[in-house]
Structure formats: C-alpha cells, structure tokens
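Undergrad: I have a structure here, written as structure tokens, and I will follow up with some questions on it.
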Amino acid sequence: MSIKFLKALSMLITVSLLMVASAGCGGSGGGGSGNSDEIVIGVLVPTSGSEAYYGTDMLQSYQLAVDEINEAGGVLGRTLTLYQADDGCNANMATQAASKIVSHGVDFVVGGYCSGATIPALQQFYDANLVTLVSAANSTEITKLGLNQTFMFNSPGNHAADTLVDLLRFLGSQSVALIHQGDAYTKDLSDICESVLPQNGIDIATVQVMEKGSADVSAIVTAIRNSGADFVYWCGYHADGSNVIKQLRQGGYEGDIAVGDGSASVELITASGPAGEGVYVTSPPFVEFASGGDTFVADYTAKFGAGPGTYATLCYDTMYVLKEAIEKVGSTDFEQVRDAVQNADYKGLSGRIKFTSDRELEVSNFIILQIKDGSFALVTI
Amino acid sequence: MGIITRAYALMDNKKYRCLTLAVLFVIFASFPLFMDNYTLNVLWNAMFYALLALGLNVIVGYCGLCDLGYAAKFAIGAYTTGILIKSFHWNFWLTLPVSVIVSVVTAVIIGAPTLKLRSDYLAIVTLGFAEIVRITARNLSITGSASGLNAIDRPSLFGMRLTQISQWYYVFLVLIVLYVVISNRIRHSRFGRALAYIREDEDAAQAMGVNTTLYKLYAYILGAVMGGITGSFFAVKMTSISPSSFDFTQSANILLAVILGGMGKIPGVIAGAAFFAIFPELFRDVPVIGDMRMLFFGLLLIIVMITRPQGLWPERRRLEDARTPRAS
C-alpha cells in the first residue's frame with residue numbers, strides 16, 4: 001500500500017465520519033422540556049465499557065416501565081420519554097454525560113450503576129435542581145455528599161453487612177475472612193463488614209486483597225487457612241469470584257463461603273461449577289423471588305429477547321415511584337416532586353421503598369440465596 | 382508541499398502569528414456565550430488534556446525523555462489539593478504552592494537517581510512510580526482509599542464561587558494561555574536550546590559542556606510541576622477524585638496526544654490533545670458507528686502514524702529531518 005493511498009483513505013474516513021457525526025448531532029439535538037406534552041427523563045448508565053451489560057439491562061428496565069406507563073395514558077396526560085447518556089463507568093466520561101443530560105433540559109434523572117462514575121455526576125444534577133433517583137449505585141459515599149434531591153433505591157453496603165450478620169448467626173460462624181478487590185465498591189463493603197461484624201461479636205480473622213483478573217490466588221487461600229477462619233465472605237465481582245471459590249475448595253478449605261451482591265449473577269454458578277454448590281449470596285432483590293415477578297420476567301423477555309438482570313427490578317420500581325410522586329403533586333415542580341419522593345411509601349417488585357431522612361432505603365432489600373443443584377434457592381432465616 | 386504543510390507554514394509565519402493567536406483567543410473566549418453546557422464540557426475536557434500534554438511536552442518533546450507515568454504527576458497535584466481542602470480546610474489558592482513543592486520534591490526523588498542513566502530507564506521507573514502512587518492512594522485512609530476524595534469544596538475567584546462550567550471554561554482558557562507562554566519562553570531560552578541539544582545528541586551536548594543530568598532534571602521537574610498544577614485544578618473542578626482516574630491508560634493517552642500532535646510543537650500538542658478528547662465524543666450518539674467508535678479511532682491513529690510519523694503538526698526542524706534522510 002502506498003503512502004498516497006493511505007493518505008487518501010484517512011481523509012476519506014475522517015470526512016465520512018465527520019459527515020455522519022454532524023448528521024447524528026442534528027438528529028439528536030432539540031427536544032427537551034420545551035415540549036409540554038412530554039416529560040423527559042435523563043438516564044445515566046454505562047452502555048459501553050466493562051459494565052455495559054448492567055447499564056443496558058437498567059436502560060431496558062426503565063424503557064419497559066416507561067412503555068407500560070405511556071400505554072396506560074402517561075402521567076398527567078403527558079408521555080414519558082427517556083434521554084440516555086453513557087457514563088462508561090468512568091468519572092471523566094460521567095461528568096460529560098451529566099452535562100449532556102442537563103443541557104438537554106430533562107425534567108428528572110434516573111440511573112447510576114458505578115459509584116465512582118455516579119458521584120462526580122450527582123453534583124451537576126444538584127446544581128441544576130433535578131430530582132435524581134439512583135437505582136443501583138449504593139456506595140455510602142453517595143449519602144455522605146448530602147445532596148437533598150438524590151435518592152438511593154438500592155440498599156447501601158451496611159444493609160449487606162446486616163444481612164451477613166443474620167446469616168452468620170444462623171450458621172453459628174465465629175470467625176470471618178474478608179476478601180475485596182481494592183476498588184471503591186468492594187473495599188467499601190469490606191470496610192463496613194470490618195466495623196459491623198465485631199460489634200455483633202464476630203471476629204475478623206483476616207482481610208485479603210485480590211487484584212482484578214489475577215489468576216493465582218494460592219497466597220490468599222493459604223493466608224485464609226492459616227488464619228483459622230470458618231467463614232469466607234467474598235466482597236468482589238463474579239468474574240474473579242468463581243476462581244476464588246474453586247481455589248479455596250481445591251486448597252482444602254471446608255468452611256462456608258458467601259459472596260456479596262457484586263457476584264449475585266447466574267454467571268457465578270456456571271463459572272464455579274461443582275465447587276460453587278452451597279455458596280451463599282447476600283443478594284439484591286432477584287426478580288425470580290419477588291411476588292409479581294413472573295409477569296415482569298415474561299414482559300421483559302418478550303420485549304428484549306433475554307431475561308432481566310440483577311438490578312432490573314430496582315430500575316422498574318424507580319420509574320413507578322417517580323410516576324406516583326408526579327401524579328400525587330399534579331406537576332413536575334422540582335421541590336414538590338422531591339418532597340413527594342421523600343415521603344413515598346411504595347411496595348414494588350424489589351420490596352418496600354421508603355426513605356430515611358438521609359434518603360437511603362429504610363428497610364433492607366437484601367435477600368439471602370444459596371446455590372443448590374446449579375441454581376439459586378432462597379434461604380429464609 | 383501539501384496543502385496542510387503550506388497552511389502550517391502560514392500560521393508559523395511570525396508576521397501573522399500574533400494576529401492569528403489573538404483571533405483564536407477571541408473566538409474561543411466567545412464560545413460560552415452561545416454554546417450549551419455539554420459542548421463546553423467537552424471543550425473543557427479537551428483543554429484539560431491539552432494542559433497535561435503541554436506539561437508532558439516539556440519532558441518528552443523538548444528534552445526527549447520517555448515518561449510512561451505522567452498520570453502520577455497530576456495525581457500528586459490533585460491529591461495534595463484534595464487532602465488540604467478536605468482534611469485541613471485550606472483555601473484552594475493556598476494549596477497551589479504546596480502542590481508545586483510536593484511535585485518538585487517527588488520529581489527530584491524519582492529523577493535524581495534515574496536521570497544519570499540513559500533515558501530508557503526513566504520510562505520503566507516512571508511506569509513503576511505511577512503504579513506506586515495509584516496503589517498508595519488506594520490504600521491510605523487520608524486519600525479516601527478506593528472511594529477517593531468526594532465533595533471537595535469549590536474555590537472562589539474575585540468573590541465569585543466557581544460552580545458553572547462556563548466559569549471553569551474561562552479558568553482553563555487562561556491556564557492554557559499561561560502554559561503556552563511558559564512553553565514558548567522555555568523553547569526559545571538558553572535552557573530550551575540546551576534541552577534540544579540533549580534530545581538530538583546527548584553525547585555531543587555533554588562534550589560541548591552542557592550539564593546533561595542537571596538539565597534533564599530541570600526539564601523533568603518543570604513537567605511535573607505543570608502536571609501538578611493541572612491536577613490541582615482538576616480536583617476542584619471535578620469535586621471528586623479517585624485512584625481509577627489515574628491509571629496507566631491515562632498516562633498512555635497523554636503520551637499519545639503528545640506524539641500524535643507532534644512532539645515539541647506547542648500548537649501540535651494542543652491539537653493532538655483536542656483530537657483525543659473530542660473525537661470519541663463526536664461519534665457517541667451516531668447509531669451503529671457510535672458503538673464502534675473506538676475501533677475507528679484506533680484505525681485512524683494507525684493511519685496518521687503511518688502517513689505523518691512526525692505527528693499531525695510537527696516541529697519544523699523535525700519535518701526537515703524527515704524529508705532529508707541522514708547519510709548513514
């Protein structure tokens with residue numbers, strides 16, 4: 001290939017991309033709150049990058065709820081429309097996505113998966129007076145920001161720790177080993193367990209860190225066996241979780257194992273195989289175990305061709321809480337809707353949604369699952 | 382000569398340069414009057430990368446050192462400012478000198494032992510240092526461990542609290558002008574010429590009496606300080622920083638922006654950074670292509686590097702070098 005040809009090719013690619021881009025911008029511009037027939041809801045979720053699966057699942061759940069509401073006549077006679085921006089699970093991208101949502105002139109904001117990306121974006125929504133409903137991100141850092149229009153629909157880490165304490169009491173375990181992966185969410189969960197468990201008379205035998213994607217965890221397995229722990233709590237994600245479970249069992253560890261909500265995925269069962277049998281999960285509300293969940297699963301599968309994911313119910317409920325709040329006050333006024341959400345008491349697929357004065361869930365929505373015969377089974381204590 | 386080269390030559394012309402710069406400044410300064418927040422935010426991001434690239438340009442472009450861990454330099458500035466504001470409630474503007482001092486000290490610690498060696502060693506050391514900074518930040522409680530520092534207070538300027546993106550746009554525009562002036566002065570100073578000498582032929586430079594180790598260290602410190610100050614401003618603009626903002630990809634991106642734009646050439650480096658920040662944003666909403674934008678981005682990078690190995694807008698000396706191959 002000659003240099004001249006490459007030059008021509010690069011010019012061609014650049015020009016054609018620019019043309020397509022300008023056409024795309026022209027199409028997506030405009031709209032916003034100027035149109036009084038519509039209520040526009042900004043959606044901040046990652047639809048690219050490593051967490052794209054969860055972001056897409058969340059977006060689809062919102063879409064399902066919005067379509068249902070619109071078919072039933074909309075809200076106050078107005079139709080709901082979604083305006084999505086991709087945060088890529090990255091702080092820098094998230095601030096740009098947030099300013100995109102704000103510039104579009106949306107009325108409300110929903111979304112939020114990765115805490116690290118959501119937190120920088122939240123300040124912008126606060127500055128723009130937008131009621132923001134965070135469906136999945138549950139770092140306690142969000143509460144610490146003290147933004148009075150931001151509500152968390154997922155139980156924060158301390159609820160997971162409380163659920164874990166219930167499970168430990170039930171099993172009679174005395175000494176726990178914690179493993180996290182050193183990022184915002186998993187370390188947050190591990191830190192909370194480290195402070196909550198001793199308050200309930202349970203020892204922390206050791207805290208281990210496993211870097212994301214490292215294949216050999218024998219050092220961690222040895223450390224855990226030497227610490228004498230009779231229970232292991234994996235705070236990380238499912239991708240590495242299955243590896244840890246397998247190597248713990250191969251290394252001769254015989255005590256109980258539980259994993260946090262980052263590993264609450266069917267992928268964990270398939271990847272860990274027989275070693276995964278009997279593993280407990282402190283899980284967000286899985287739709288299979290929710291009352292009324294069957295129709296949701298059927299509708300979702302019919303519409304998108306695949307079943308709903310871990311956070312689908314939370315997103316679905318988020319949209320309905322917003323709808324009820326708007327209908328209750330009869331307008332989309334910022335302060336009135338904010339107060340209506342604050343006082344909401346909604347019974348949804350994910351459980352009871354009622355907020356504390358810190359705008360966290362009052363009642364934990366965590367459930368305990370156990371892997372039995374290659375699928376999740378609900379554990380009632 | 383191609384059209385592009387001729388256009389560059391026109392803009393390089395001293396007679397028109399002041400006029401061109403003034404017109405450009407007025408155009409950029411007028412953007413917040415009619416652009417929406419999103420566009421301003423994308424432009425702000427481009428300016429942020431341009432500042433980082435200008436800082437790295439002193440190390441890579443002027444002195445020819447290879448720094449693979451520039452993210453650590455701006456992480457140090459960002460964390461210094463963040464910690465002083467969060468834990469000690471300092472005024473933002475007072476944290477800047479501290480940020481400079483910390484940057485200098487760390488640059489000396491890293492640079493003094495390694496710069497005596499050939500510059501390849503520096504690449505490895507900076508790479509390792511960047512990881513050390515990131516992992517330390519992730520594990521110390523004063524840096525907020527993995528969650529990082531959140532809700533960092535916004536600073537005030539002339540009694541006005543800087544919260545709007547349009548305000549930040551102007552702050553960074555002023556910073557760009559400042560960095561450009563500094564870079565330009567360095568390039569045309571005795572110090573700058575010494576750096577160019579070291580870059581072209583270190584042995585010859587030493588033979589002619591240039592204290593290469595010292596000058597390399599100065600360049601390294603200068604680059605680190607510029608990165609540190611950018612980091613300080615980054616921390617208060619974003620209001621939250623976390624270790625994931627300072628990973629290796631970040632370092633690689635800044636280095637790529639410098640190489641892509643044209644090492645040593647100020648407008649080239651800025652153009653490279655702008656290309657990096659704006660290109661992926663442009664295609665975000667385009668159906669089909671939007672999902673594959675990074676693929677096209679990579680393809681375009683490869684083609685640019687094949688057709689213009691000296692960068693998009695190279696320094697004239699390098700351009701001439703490329704056109705007249707050496708005798709050997």
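As given, the protein sequences belong to chains C and L, one line each in that order.
All residue numbers in the first sequence are consecutive under the working numbering, ending with 381.
All residue numbers in the second sequence are consecutive under the working numbering, ending with 709.
Every residue gets a Cβ at the ideal spot worked out from N, C-alpha and C, and that includes glycine.
Return the bridge partner residues of F455/L from the DSSP annotation.
TA: Start at 1 with the first residue of the second sequence, and residue 455/L comes out as number 74. By DSSP's assignment, F455/L forms no beta bridge with any residue.
Undergrad: Taking Cβ-Cβ distances shorter than 7 Å, what residues in chain C pair up with I546/L?
TA: As a working mapping, residue 546/L is identified with position 165 in the second sequence. The contacting residues are S99.
Undergrad: Between which two residues does the beta strand (DSSP E) carrying Y233/C extend?
TA: Counting from 1 along the first sequence, the entry for residue 233/C is found at position 233. F231 to W234 is the extent of the beta strand (DSSP E) around Y233/C.
Undergrad: For R358/L, does the three-state DSSP call read helix, strand or coil?
TA: A query on residue 358/L cannot be resolved here, the shown segment of chain L reaching from 382 to 709 and no further.
Undergrad: Determine the burial state of N158/C: buried for a count of at least 16 other Cβ atoms within 10 Å of its Cβ, exposed for fewer.
TA: In the first sequence, counting from the first residue as 1, residue 158/C sits at position 158. N158/C should be labelled buried.
Undergrad: Secondary structure at V281/C, three-state DSSP: helix, strand or coil?
TA: Mapped onto the first sequence, residue 281/C falls at position 281. Strand.
Undergrad: For chain C, find out if any of its Cβ atoms is closer than 8 Å to the Cβ of S468/L; answer yes or no.
TA: The sequence position of residue 468/L within the second sequence is 87, counting from 1. Judged by the 8 Å Cβ criterion, S468/L is not in contact with chain C.
Undergrad: Please compile the residues from chain L whose C-beta is within a distance smaller than 7 Å of the C-beta of E51/C.
TA: Within the first sequence, residue 51/C is the residue found at index 51, counting from 1. Those do not exist, as E51/C stays about 12 Å from chain L at its closest Cβ, beyond 7 Å.
Undergrad: At a CB-CB cut-off below 8 Å, which residues of chain C make contact with V423/L?
TA: Position 42 of the second sequence, counted from the first residue, corresponds to residue 423/L. Neighbours of V423/L on chain C, chain order: Q96.
Undergrad: With DSSP run on the structure shown, which of helix, strand or coil describes F366/C?
TA: For the purposes of this step, residue 366/C is identified with residue 366 of the first sequence, where counting begins at 1. Coil, per DSSP.
Undergrad: Express the C-alpha separation of D582/L and S709/L in angstroms, rounding to a whole number.
TA: In the second sequence, counting from the first residue as 1, residue 709/L sits at position 328. In the second sequence, counting from the first residue as 1, residue 582/L sits at position 201. Note that S709/L scores 43 on pLDDT, short of 50, meaning its location in the model is unreliable; the coordinates nonetheless yield the value given after this. The alpha-carbon atoms of S709/L and D582/L are separated by roughly 15 Å.
Undergrad: Do I119/C and G42/C have their C-beta atoms closer together than 8 Å?
TA: Locating residue 119/C in the first sequence gives position 119, counting from the first residue. Locating residue 42/C in the first sequence gives position 42, counting from the first residue. For I119/C and G42/C, no; Cβs fall outside 8 Å.
Undergrad: Measure the CB-CB distance between D188/C and S139/C and report whether it falls below 8 Å.
TA: As a working mapping, residue 188/C is identified with position 188 in the first sequence. As a working mapping, residue 139/C is identified with position 139 in the first sequence. The answer is yes: Cβ separation under 8 Å.
Undergrad: So, helix, strand or coil for V131/C, using DSSP?
TA: The count along the first sequence starts at 1 and reaches residue 131/C at position 131. Strand, per DSSP.
Undergrad: If the cut is a Cβ gap below 8 Å, which residues of chain L does I326/C touch?
TA: On the first sequence, position 326 is the one that residue 326/C refers to. What I326/C touches in chain L: nothing, since even the nearest Cβ is about 25 Å away.
Undergrad: Could you please give the first and the last residue of the uninterrupted beta strand (DSSP E) stretch that includes E68/C?
TA: By one-based count along the first sequence, residue 68/C stands at place 68. Per DSSP, E68/C belongs to no beta strand (DSSP E); it is in the alpha helix (DSSP H), A52 to E71.
Undergrad: Among L432/L, W549/L and H569/L, which has the Cα closest to the Cα of P413/L?
TA: Locating residue 413/L in the second sequence gives position 32, where the first residue counts as 1. Nearest of L432/L, W549/L and H569/L to P413/L, Cα basis: W549/L.
Undergrad: Within the continuous beta strand (DSSP E) that includes K354/C, where are the two ends?
TA: Start at 1 with the first residue of the first sequence, and residue 354/C comes out as number 354. It spans G351 to K354 - the beta strand (DSSP E) in which K354/C sits, taken as one unbroken run.
Undergrad: Is there a Cβ from chain C that is less than 8 Å from the Cβ of T620/L?
TA: Position 239 of the second sequence holds residue 620/L. Answer yes: the Cβ-Cβ gap between T620/L and chain C drops below 8 Å somewhere.
Undergrad: Per DSSP, D317/C is paired with what?
TA: On the first sequence, position 317 is the one that residue 317/C refers to. DSSP lists no partner for D317/C.
Undergrad: What's the gap between the Cα of F380/L and the Cα of I457/L?
TA: Examination of residue 380/L is not possible in this model, given that chain L is present from 382 through 709 alone.
Undergrad: Reducing DSSP to helix, strand and coil, say where M93/C ends up.
TA: Start at 1 with the first residue of the first sequence, and residue 93/C comes out as number 93. Note: M93/C maps to helix in three-state DSSP.
Undergrad: Here's the rule: buried if 16 or more other CB atoms are within 10 angstroms of the residue's CB, otherwise exposed. What is E71/C?
TA: The sequence position of residue 71/C within the first sequence is 71, counting from 1. Exposed, since its Cβ has fewer than 16 Cβ neighbours within 10 Å.
Undergrad: On the CB-based measure, 16 or more other CB atoms within 10 Å of its CB, does Q199/C come out buried or exposed?
TA: Position 199 of the first sequence, counted from the start, is the residue given in the question as residue 199/C. By the neighbour-count rule (16 or more Cβ atoms within 10 Å), Q199/C is not buried but exposed.
Undergrad: Taking Cβ positions only, does G116/C come closer than 8 Å to chain D?
TA: Reference to chain D is not applicable here, since the protein chains of this structure are C and L.
Undergrad: Using the Cβ count rule (16 or more neighbours within 10 Å means buried), how would you classify F429/L?
TA: Sequence index remark: in the second sequence, residue 429/L carries index 48 (1-based). By the neighbour-count rule (16 or more Cβ atoms within 10 Å), F429/L is buried.
Undergrad: Using only the alpha-carbon positions, how far apart do I142/C and T594/L sit?
TA: Translated into positions along the first sequence, residue 142/C becomes position 142. Translated into positions along the second sequence, residue 594/L becomes position 213. Computed Cα separation, rounded: 48 Å.
Undergrad: Any idea which residues DSSP pairs I41/C with across the strands?
TA: Here residue 41/C refers to the residue found at position 41 when the first sequence is read from its first residue. Per DSSP, L82/C and F108/C.
Undergrad: Which value, in whole angstroms, describes the spacing of the CA atoms of G273/C and S242/C?
TA: Position 273 of the first sequence holds residue 273/C. Position 242 of the first sequence holds residue 242/C. Taking the straight line joining both Cα atoms gives about 8 Å.
Undergrad: Using the rule of at least 16 other Cβ atoms within 10 Å of the residue's Cβ for burial, across every protein chain shown, is L475/L buried or exposed?
TA: Here residue 475/L is taken as the residue at index 94 of the second sequence, counted from 1. Per the 10 Å Cβ criterion, exposed.
Undergrad: Give the residues of chain C in contact with E662/L, contact being defined as C-beta atoms less than 8 Å apart.
TA: Against the second sequence, residue 662/L aligns to sequence position 281. In chain order: Q96.
Undergrad: Within the continuous alpha helix (DSSP H) that includes V685/L, where are the two ends?
TA: Walking along the second sequence from the start, residue 685/L turns up at place 304. Looking at the DSSP string, the run of the alpha helix (DSSP H) that includes V685/L is R674 to T688.
Undergrad: Can you tell me the Cα-Cα spacing of F170/C and I381/C, whole angstroms?
TA: In the first sequence, residue 170/C corresponds to position 170, counting from 1. In the first sequence, residue 381/C corresponds to position 381, counting from 1. Between F170/C and I381/C, the C-alpha separation is close to 7 Å.
Undergrad: Just the C-alpha distance for P690/L and K597/L, rounded to the nearest angstrom, thanks.
TA: In the second sequence, the residue the question calls residue 690/L occupies position 309. In the second sequence, the residue the question calls residue 597/L occupies position 216. Rounded to whole angstroms, P690/L to K597/L spans 25 Å at the Cα level.
Undergrad: Could you check if T524/L belongs to the surroundings of the ligand HEM, using beta carbon to heavy atom distance under 7 Å?
TA: In the structure on display, the ligand HEM does not appear, and there are no ligands present to speak of.
Undergrad: Hey, is E141/C's beta-carbon within less than 8 Å of any beta-carbon in chain L?
TA: Looking up residue 141/C in the first sequence gives position 141. Output row for E141/C: interface = yes.
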